[in-house]
């Protein structure tokens, strides 16, 4: 059915995802089939997920996620950014959670994907000064075994102390050398400093 799609059909779908017009998205699927959803991109390589995720349209996202292949969650646009990068850039926490927690999707691996600027979604959250999102990413992301170090982003390191009950301190450094420290104790994350704010990269 996708062979019958016109450029206008594709543009209309992307706009519907961008502006949260669920009825228009549903009408498109009814007419053209769900398989067409993963074949539509704008000139910058953005998918239906990029559009709905960037603007926090949860109803559209809930409708799309069961219909698209899981590979679309990790698909990159021309700047190398995934839908999760866009959610992070625009401080969309509920969207970020849905993307990461989607059954059968890439899961926590999404947090490690870097765009062309070398930034992960965590890095984009830090650059945007989005503390809530950065905190959530650090809480759920995979941590290396105790006594080792893991690179969180290009300029982020995780130092872990020996001992199962000790706190884990996370240090995130921006391009200007500013340090944000967070301490994880069990399942609780307590920021000990305000994450640095840097200009958002072009994504």
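Numbering (full-length UniProt numbering), first residue to last: 1 to 203.
By construction, the Cβ of each residue, glycine as well, lies at the ideal position given by its N, Cα and C atoms.
Please read all numbers here as calculations on a predicted model, not as lab measurements.
Worksheet entry | Backbone CA spacing between residue 15 and residue 41 [nearest angstrom] | One-based indexing of the chain shown puts residue 15 at position 15. One-based indexing of the chain shown puts residue 41 at position 41. Those two C-alpha atoms are separated by around 11 Å.
Worksheet item: Among residues of its own chain, excluding the 5 on either side of residue 121, which ones have a beta-carbon nearer than 6 Å to its beta-carbon?
Response: Your numbering for residue 121 matches position 121 in the chain shown. Take residue 121, set aside five residues on each side of it, and the residues of its chain with a beta-carbon closer than 6 Å to its own are 84, 85, 88, 111, in chain order.
Item to complete: Could you give the DSSP three-state label for residue 82: helix, strand or coil?
Response: Within the chain shown, the letter at position 82 stands for residue 82. Correct three-state label for residue 82: coil.
Worksheet item: In or out: residue 101 buried (at least 16 other Cβ within 10 Å) or exposed?
Response: Translated into positions along the chain shown, residue 101 becomes position 101. The residue is exposed, with fewer than 16 neighbouring Cβ atoms inside 10 Å.
Fill in: Close Cβ partners of residue 141 (< 8 Å) along its chain, the five nearest in sequence each way excluded
Stepping through the chain shown from its first residue, residue 141 is reached at position 141. 108, 111, 112, 122, 152, listed in sequence order.
Worksheet entry | Same chain only: Cβ atoms within 6 Å of residue 49, ignoring 5 sequence neighbours per side | The count along the chain shown starts at 1 and reaches residue 49 at position 49. So the qualifying residues of the chain are 72, 83.
Discussion item. With H, G and I counted as helix, E and B as strand and the rest as coil, what does DSSP make of residue 147?
Written reply: Here residue 147 refers to the residue found at position 147 of the chain shown. Confidence is the limiting factor: at residue 147 the pLDDT is only 40, short of 50, which leaves the residue's position unreliable and the question unanswerable from this model.
Item to complete: Would you kindly work out how many angstroms separate the C-alpha atoms of residue 129 and residue 4, rounded to a whole number?
Response: Taking the first residue of the chain shown as position 1, residue 129 is located at position 129. Taking the first residue of the chain shown as position 1, residue 4 is located at position 4. C-alpha separation (whole angstroms): 44 Å.
Item to complete: Go ahead and label residue 35 buried or exposed: buried means 16 or more other beta carbons lie within 10 angstroms of its beta carbon, across all protein chains shown.
Response: Within the chain shown, the letter at position 35 stands for residue 35. That one is exposed.
Worksheet entry | Same chain, Cβ closer than 7 Å to residue 74, neighbours up to 5 away in sequence not counted | Position 74 of the chain shown, counted from the start, is the residue given in the question as residue 74. Counting only Cβ-Cβ distances below 7 Å, and skipping sequence neighbours, we find 82, 106, 110, 113.
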